[in-house]
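First the structure, in the form of C-alpha cells, and then the observations on it.
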Amino acid sequence: MLGRPVVLASLFSVIWGGPALAADFQACLVGIKQAALRAGVSEQVVGQAFANVQPNENVLLASQTQPEFKTPIWDYLGFLVDERRIADGRAMLAKHDAVLRAAERTYGVDRHVITAVWGVESDYGRSAGKNYLPQALSTLACLGERRRDFWRGELIAALELVSRGDLEITELYGSWAGAFGQTQFIPSSYRRLAVDFDGDGRRDLVNSIPDALGSTANYLKRAGWRSGAPWLIEVKVPQGYKGPSGRKAKEPISAWSQRGIRRADGAALTGSGKAGLLLPAGPTGPAFLVFRNFDAIYSYNAAESYALAISHLADRIAGYPAFRTAWPTDDLGLSRDERLELQKLLLAKGYDVGEADGKIGPRSRAAIAKAEQDLGWSPTGRAGRKIYDALKGQ
Ligand code: CA
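According to my numbering, the sequence shown is numbered sequentially starting from 1404.
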C-alpha cells in the first residue's frame, strides 16, 4: 500500500489536464453554478467563488488514498492527547473562561469537552486547513469516485454561508473534505447548527472563537448531550471477562456492577444512566463505560477512537489523570513533539523523510521502514516508541 499514492499520481499525469477532462469539469461547474443560483446564492458570490478554479489533483488523491494500516488506538491517542495539547487546553480554558462558561450555561455542554473538540479539530485554531473549499468541493463533486451529490450539496451550502453574510468567499479554507473553521464544521452542519455567539450578526466559525465554541456546544446539544451527565468512566473488567461489550449495548450501571466491573481506581460503580462497555484494545487493555454523551461526541466525527480522544482530552484538561490501565503493547505511540523529533533523528542519520513537519506520511513511513531494516528488524513503517528510542540511543 505504500506505493498506492505514487501509482495514482503517475496515472493522473497521463490523464490529468487532458482536454476531455477539462471540458467535463467546466460543464460540471456550469451545472453547479446554476444549482447554486437556484438555491438563492447571489450571482456575485457564484462569480467570485469559481474564478479561475481548476480541479485539484491532491484533493482527489486524498479522497482515494486508503490508510495503509489501521492506526493502533495508542498511536491515535498518543498524538491527539499529548502533553502539549493538554497544556494548551488548560491555557485556553483559562483564557476563554467567560465564553466557555457562557456556552456551558446556554447549551448545558461541559466546557472541557468543548475545549477538547477545539483542540483536536484545529489545535485551538492554529491549523484549520489550507484547501480553498470551492476548488476542493467542486473537484470531488465533479471528478470524485463516490458521493458526488454529497460534495455538491456541501459546496452549495458553503456558498450559501457567504451569500447570507456569515463569511467572505476568501475565508472558505479548510480540509480537503470541506470541514473548516476553528471547530471544523462541514458546510451543511455549519448552515444548520452554527450560532452567532458573540452577537455581531454573523456566524463566523473561522475568526470568532465565541462563535466557534458556542456552535460546537450547540452541535453537541443537538446531538443529544445531557447536561450534568458523564461521558466516559475508565473501569476495570474482571480477569478473563467474556461478557458483553460495545458502545451501543447500553445497560444500567447496576448490570455492569453485577458483572464485577469496578471503577479503574478500584471503587464500586455508582450513579445512574445507561452505559456501554468500550474495550478499544480488547479485554486486557483500558476499559471504559461510555454514556449517551459519548455518543453525542461520537456524532461529531463518527469514530469511537475520535470520541475516546475528545473524552480523554477533556478529562485531562480538567485535571484528571491518564488512563490507569496500560495499552497492551510494548511499542506505544508518540506525541506530536516526539514524531517531529523522530523525523529529525531519521534525517540526521541520512534517511529521507522530506521536510520534518511532525506529520507521518508515506515518505516518513518508508524512511522508518528502512531504518528498521538497517537495525535488523522487520519493517513496519510505524512511528512508534521502539524505533524512536532506538534512534535516540544511537
Ligand atoms: Ca458572530
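Here a beta-carbon is modelled for each residue, glycine too, at the ideal position from N, C-alpha and C.
{"Check": "In this structure, how does DSSP classify Leu-1405 when only helix, strand and coil are distinguished?", "Outcome": "Note that Leu-1405 scores 36 on pLDDT, short of 50, meaning its location in the model is unreliable; the coordinates nonetheless yield the value given after this. Coil, per DSSP."}
{"Check": "Taking 7 Å as the cut-off, is the beta-carbon of Arg-1605 closer than that to any non-hydrogen atom of ligand 1?", "Outcome": "yes"}
{"Check": "Give me the DSSP bridge partner(s) of Glu-1637.", "Outcome": "Phe-1691"}
{"Check": "Could you tell me if Gln-1776 is buried or exposed, where buried requires 16 or more neighbouring beta carbons within 10 angstroms of its beta carbon?", "Outcome": "exposed"}
{"Check": "If the criterion is Cβ atoms closer than 8 Å, does the pair Ala-1620 and Arg-1606 meet it?", "Outcome": "no"}
{"Check": "Should Ser-1618 be counted as a contact of ligand 1 given a C-beta to heavy atom distance under 7 Å?", "Outcome": "no"}
{"Check": "Please name the residue in Arg-1625, Gly-1528, Asp-1569 and Trp-1628 whose C-alpha comes closest to that of Thr-1586.", "Outcome": "Gly-1528"}
{"Check": "Give the DSSP bridge partners of Lys-1399, in chain order.", "Outcome": "Residue 1399 is absent from the structure shown; the chain starts at 1404 and stops at 1797."}
{"Check": "Using only the alpha-carbon positions, how far apart do Leu-1414 and Leu-1464 sit?", "Outcome": "Per-residue confidence for Leu-1414 stands at a pLDDT of 46, beneath the threshold of 50, marking its modelled position as unreliable; the derived number appears in the next sentence. Between Leu-1414 and Leu-1464, the C-alpha separation is close to 11 Å."}
{"Check": "In angstroms, rounded to a whole number, what distance separates the CA positions of Gln-1451 and Ala-1770?", "Outcome": "43 Å"}
{"Check": "Return helix, strand or coil for Asn-1461, following the three-state DSSP convention.", "Outcome": "helix"}
{"Check": "May I ask you to report which of helix, strand or coil DSSP gives Pro-1683?", "Outcome": "strand"}
{"Check": "Tell me the residue span of the alpha helix (DSSP H) that contains Pro-1731.", "Outcome": "Counting along the chain, Pro-1731 falls outside any alpha helix (DSSP H), and DSSP gives it neither H nor E."}
{"Check": "CB-CB under 6 Å to Ala-1710, same chain, minus the five flanking residues each way: which ones, in chain order?", "Outcome": "Phe-1697, Ile-1700 and Tyr-1701"}
{"Check": "Would you list the residues sitting across from Tyr-1576 in a DSSP beta bridge?", "Outcome": "Tyr-1535"}
{"Check": "Would you kindly report the start and end of the unbroken alpha helix (DSSP H) that includes Pro-1782?", "Outcome": "Note, Pro-1782: premise wrong, no alpha helix (DSSP H); not H, not E."}
{"Check": "State buried or exposed for Met-1404, treating a residue as buried only when at least 16 other CB atoms are found within 10 Å of its CB.", "Outcome": "Bear in mind that a pLDDT of 33 at Met-1404, under 50, signals an unreliable position, so the number given afterwards is only what the model happens to contain. Exposed, since its Cβ has fewer than 16 Cβ neighbours within 10 Å."}
{"Check": "Taking DSSP's pairing of strands, which residues face Gly-1649 in a bridge?", "Outcome": "Leu-1680"}
{"Check": "Measuring only the C-alpha atoms, how far is Gly-1617 from Pro-1782?", "Outcome": "46 Å"}
{"Check": "With a floor of 4 residues, list each alpha helix (DSSP H) that falls wholly inside the segment 1723-1775, ordered by position along the chain.", "Outcome": "1739-1751"}
{"Check": "Note down, in chain order, each residue of its chain lying with its Cβ closer than 8 Å to the Cβ of Gly-1674, except the 5 sequence neighbours on either side.", "Outcome": "Pro-1633 and Ile-1656"}
{"Check": "Identify which residue in Gly-1679, Arg-1550, Pro-1731 and Ser-1714 has its Cα closest to the Cα of Pro-1686.", "Outcome": "Pro-1731"}
{"Check": "Quick test of your reading: Leu-1558 and Leu-1564, contact by CB under 8 Å. State the CB separation rounded to the nearest angstrom.", "Outcome": "Wrong, their Cβ atoms sit about 11 Å apart, outside the cutoff."}
{"Check": "Beta-carbon separation of Ser-1714 and Leu-1608 under 8 Å?", "Outcome": "no"}
{"Check": "Starting from Tyr-1593 and walking both ways along the alpha helix (DSSP H), at which residues does that stretch end?", "Outcome": "1590-1596"}
{"Check": "With distances taken from CA atoms, which of Arg-1727, Gly-1779 and Lys-1773 is nearest Ala-1786?", "Outcome": "Lys-1773"}
{"Check": "Comparing C-alpha positions only, which one of Ala-1430, Asp-1478 and Ala-1425 sits nearest to Lys-1789?", "Outcome": "Asp-1478"}
{"Check": "Spatial neighbours of Val-1410 within its chain, please: C-beta separation below 8 Å, excluding the five flanking residues on both sides.", "Outcome": "Confidence is the limiting factor: at Val-1410 the pLDDT is only 42, short of 50, which leaves the residue's position unreliable, though a coordinate-based value still follows. Once the five neighbours on either side are set aside, Val-1410 has no close Cβ partner at all."}
{"Check": "According to DSSP, what are the bridge partners of Arg-1665?", "Outcome": "Lys-1639"}
{"Check": "I'd like the span of the alpha helix (DSSP H) that includes Ser-1714, first residue to last.", "Outcome": "1707-1720"}
{"Check": "Tell me which residue opens and which closes the alpha helix (DSSP H) that Gly-1522 is part of.", "Outcome": "1514-1525"}
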